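Residue numbers for the sequence shown, in our numbering: 7 to 188. C-beta atoms are modelled at their ideal positions from N, C-alpha and C, and glycine is treated no differently. Note that the structure is a prediction, hence the values are computed from the model and not measured.
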Amino acid sequence: MAWETIYRCDRCKTEQRVHTGEYRFYQVAWQDKTIELFDRVSCSVQAGWCRRCCRLRTIEEIPDLNLLQMMRSELAEKGFVAGELDLVTRPLAWIDDRIRWRRERFSPAKCFACGSIEVESAARSDQEKILHAGCGGLFRAFDSDHFVPSMAYLVPSEGPPGESFIRLTTRLWQFIDRRNFV
Ligand SMILES: [Zn+2]
Ligand SMILES: [Zn+2]
7 MAWETIYRCD RCKTEQRVHT GEYRFYQVAW QDKTIELFDR VSCSVQAGWC
57 RRCCRLRTIE EIPDLNLLQM MRSELAEKGF VAGELDLVTR PLAWIDDRIR
107 WRRERFSPAK CFACGSIEVE SAARSDQEKI LHAGCGGLFR AFDSDHFVPS
157 MAYLVPSEGP PGESFIRLTT RLWQFIDRRN FV
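(1) Is the beta carbon of Ile105 sitting closer than 8 Å to the one on Arg78?
(2) Measuring straight from C-alpha to C-alpha, what distance separates Pro97 and Arg61?
(3) For Ile65, which residues does DSSP report across the bridge?
(4) Alpha carbon to alpha carbon, what distance is there between Gly89 and Gly27?
(5) According to DSSP, is Phe86 helix, strand or coil?
(6) Considering only the alpha carbon of each residue, which of Gly165, Arg23 and Glu21 lies closest to Ala115?
(7) Strictly under 8 Å for the Cβ-Cβ distance: is Asp103 near chain B by that measure?
(8) Can you tell me the Cα-Cα spacing of Leu93 and Ile136, whole angstroms?
(9) Could you give the DSSP three-state label for Glu126: helix, strand or coil?
(10) CA-CA distance, Val24 and Thr11?
(11) Relative to the alpha-carbon of Asp102, which residue among His138, Met76 and Gly168 has its alpha-carbon at the smallest distance?
(12) Does Ile136 come out as helix, strand or coil in the three-state DSSP assignment?
(13) Note down, in chain order, each residue of its chain lying with its Cβ closer than 8 Å to the Cβ of Ser48, except the 5 sequence neighbours on either side.
(14) Skipping 5 residues on each side, what residues in its chain have a beta carbon closer than 8 Å to that of Ser131?
(15) Run through the DSSP bridge pairs and tell me what Phe153 is partnered with.
(16) Run through the DSSP bridge pairs and tell me what Thr20 is partnered with.
What follows is the structure, encoded as structure tokens:
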């Protein structure tokens, strides 16, 4: 299930909604097209400020390579200690694919609405505060009980595309914003 979080700026009181928790998977050239959706390389997201959209957006979160490698070693060791390597074969293959994708990933995190890399995510240590650029206030989540149906998306391995989609997605978001706030 995905959810919608409402953020409010503590300075100007602007409220904005962000959707997270939807399923996104990268389309990776070396993965077989017939591979099951949940065996694909998953794409993590977080709320953040997009300087091009000038609003809070769902932003790509690119995992740290060292962290992925650590997760892999811990999982392999657990399987080895428990004598159940068979049980960890699939999760290991999944992490291996994620590590391979991460090594090949060139561009930084992007905005899912416009593809821009001019994004500022919340600090990892404090996910609940996002700087309201141009205002100086901080957006804080104050309501996140709005569950929305989960959707699954396939995303290019270098992240959501930019330029050619901007006009369409900006118009779409303007339409959604009008419906939400008027
Ligand atoms: Zn503000
Ligand atoms: Zn954007």
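Answer, in terms of the structure:
(1) yes
(2) 36 Å
(3) Gln52 and Cys117
(4) 34 Å
(5) helix
(6) Gly165
(7) The structure shown contains no chain B; it holds only a single protein chain.
(8) 40 Å
(9) strand
(10) 5 Å
(11) Met76
(12) strand
(13) Tyr29, Arg30, Phe31, Tyr32 and Arg104
(14) Low per-residue confidence applies at Ser131: pLDDT is 43, beneath 50, and the placement is therefore not dependable, though the value from the model is reported in the following sentence. Once the five neighbours on either side are set aside, Ser131 has no close Cβ partner at all.
(15) Trp9
(16) None, per the DSSP bridge assignment.
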